[in-house]
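In the numbering used here, the protein residues as written are -12 to 232. Glycine included, each C-beta is placed from N, C-alpha and C at the ideal position. The structure under discussion appears below in the form of structure tokens.
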């Protein structure tokens, strides 16, 4: 059903992790395998414990603070942000060569084989392009997103990839959305953003003047009140028919 007929977008912006692709398996299982190799005592429930700790620690982390136009600095901020997060996840679990462990974990998640696209993602991107829409990935993911997207076939499927460290502003800040639409010479009102976070994606996009669609897979992130004007989909396959083109 076309619910955007009065304001059809020309550009579709999409979040990355949780929207177009996901971890193959679980973060906890990957952390556990590497942690044991670097000295953490093994235990039957280690992967589950690490997964639960990650899911608690990740949303509680403060947003990174970037410098406008300083990509080298911003990349270092991203790495330090992840180092602090991983340290929280591992805190108090036992002896571990943390520096070596973190270096390995950080490198592993730049490997496309650790990730997988959602089953419908490729087909939906093709459909949107056939409709004449421009496509951009807009993400708070760090520089590792570029090799991940290349390996997953997403780089060729979109027209641009915009990451927070590059523009110096993370979602939900308006700057990252404005940077994305400006690449296409468009105004924010000509763009639609879809993602799985109510605060970073839906609310951020609306505040920046874009249309917003909230992707709520399997009931995830459904605890907050839906901002006025935001549409909800359970699967990306619902998106093309909503665009009005």
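Going by the CB atoms, is the gap between residue 182 and residue 6 shorter than 8 Å? As a first step, residue 6 must be located in the chain shown, where it is residue number 19. As a first step, residue 182 must be located in the chain shown, where it is residue number 195. Yes, these two residues count as a Cβ contact at 8 Å.
Helix, strand or coil, according to DSSP, for residue 8 in the structure here? Position 21 of the chain shown holds residue 8. Residue 8: strand per DSSP, three-state reduction.
My understanding is that residue 177 touches residue 11, with C-beta atoms under 8 Å, so please give their C-beta distance in whole angstroms. Against the chain shown, residue 177 aligns to sequence position 190. Against the chain shown, residue 11 aligns to sequence position 24. Not confirmed; about 35 Å, so no contact.
Once DSSP output is grouped into helix, strand and coil, what is the label at residue 50? If you number the chain shown from 1, residue 50 lands on position 63. In this structure, residue 50 counts as coil in the three-state DSSP scheme.
On the CB-based measure, 16 or more other CB atoms within 10 Å of its CB, does residue 164 come out buried or exposed? The residue you call residue 164 lines up with position 177 of the chain shown. Classification for residue 164: buried.
Looking at the structure shown, is residue 121 part of a helix, part of a strand, or coil, going by DSSP? Within the chain shown, numbered from 1, the residue matching residue 121 stands at position 134. Residue 121 falls in the strand class under three-state DSSP.
Quick one: Cα of residue 71 to Cα of residue 93, how far? Residue numbering aside, residue 71 sits at position 84 when the chain shown is read from its first letter. Residue numbering aside, residue 93 sits at position 106 when the chain shown is read from its first letter. Between residue 71 and residue 93, the C-alpha separation is close to 12 Å.
Just to check my reading of the structure: residue 33 and residue 19 have Cβ atoms closer than 8 Å, yes? What is that Cβ distance to the nearest angstrom? For the purposes of this step, residue 33 is taken as the residue at position 46 of the chain shown. For the purposes of this step, residue 19 is taken as the residue at position 32 of the chain shown. About 4 Å separates the two Cβ atoms, so the contact holds.
DSSP state of residue 103 mapped onto helix, strand, coil: Position 116 of the chain shown, counted from the start, is the residue given in the question as residue 103. Three-state DSSP puts residue 103 in a strand.
Let me know the alpha helix (DSSP H) ranges lying completely inside the stretch 171 to 211, each 4 residues or longer, listed in chain order. 191 to 194
Between the Cα of residue 96 and the Cα atoms of 109, 129 and 82, which residue gives the shortest distance? Mapped onto the chain shown, residue 96 falls at position 109. Ranking 109, 129 and 82 by Cα distance to residue 96 puts 129 first.
Suppose the cutoff is 8 Å on Cβ atoms and the five residues either side in sequence are ignored; what does the same chain contact list for residue 110 look like? Position 123 of the chain shown, counting from 1, holds the residue named residue 110. Hits under 8 Å: 224.
In terms of residues, what are the limits of the beta strand (DSSP E) holding residue 149? Residue mapping note: residue 149 aligns to position 162 of the chain shown, counting from 1. From DSSP, the beta strand (DSSP E) with residue 149 extends over 147 to 150.
Those residues which DSSP pairs with residue -1 across a bridge: The residue given as residue -1 occupies position 12 in the chain shown. Beta-bridge pairing links residue -1 to 122 and 179.
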